[in-house]
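For the sequence shown, counting from 1, position 108 maps to 1051 in the numbering used here; every step adds exactly one. Cβ coordinates follow ideal geometry from the N, Cα and C atoms, glycine included. Quick notes on the structure that follows.
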Amino acid sequence: MFRQTLLTLGKCLSLGMLANSLLLPVQAQPTATSGGATEAIELLILDRSTYKPIADRSTQVYSNNGIRCVTTPCPTNTKNWEGKTDRQGVVLIPKQVIQSSTTLTLNGYIAADLAKDLQQQPTGAAVILLVPTVK
């Protein structure tokens, strides 16, 4: 699987320099259960300035159903999830956390809107290019 990710990464790097958005979706293999249903989205997270994996870093995902209310109570179905990238910069995010409004954050980087870019992919994983914050 890591070799396939590297091949996908090579394709991404040639396109990544042309991309104007924070996220560049690239299809790869999803993590699946024994029944074949996808249970997690696999994301390879790269630093956009160096195109190197962001390894061993805490990641946070915040999502809701996109409903905006004028009065309370407002059923937004908010979900929060925390994880960590591995040595290769890969994080597995449970599929049930992804909703119509989903944001991925890492300290030191501008937050990414996952929902918009993951909708463009039928299934699979993505290479995420995060822009470092300027200090």
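Beta strand (DSSP E) segment containing residue i, residue limits
i: Q1003; result: S1001 to N1007
i: L1035; result: V1033 to P1037
i: L1047; result: S1044 to T1048
i: G1026; result: K1022 to K1027
i: A1069; result: A1069 to L1073
Buried or exposed by the 16-neighbour rule on C-beta atoms within 10 Å, applied to residue i
i: A1055; result: buried
i: S1043; result: exposed
i: R991; result: buried
i: N1050; result: exposed
i: P1016; result: exposed
i: P1018; result: exposed
Integer Cβ distance of residue i from residue j, believed to fall under 8 angstroms
i: E985; j: V1040; result: Going by Cβ atoms, the distance from E985 to V1040 rounds to 13 angstroms, so no, they are not a contact pair.
Residue i: CB within 6 angstroms of a non-hydrogen atom of the ligand MN
i: L1072; result: As presented, the structure is devoid of all ligands, the ligand MN included, so that no description of it is given.
Strand pairing of residue i, partner residues [DSSP]
i: P996; result: L989
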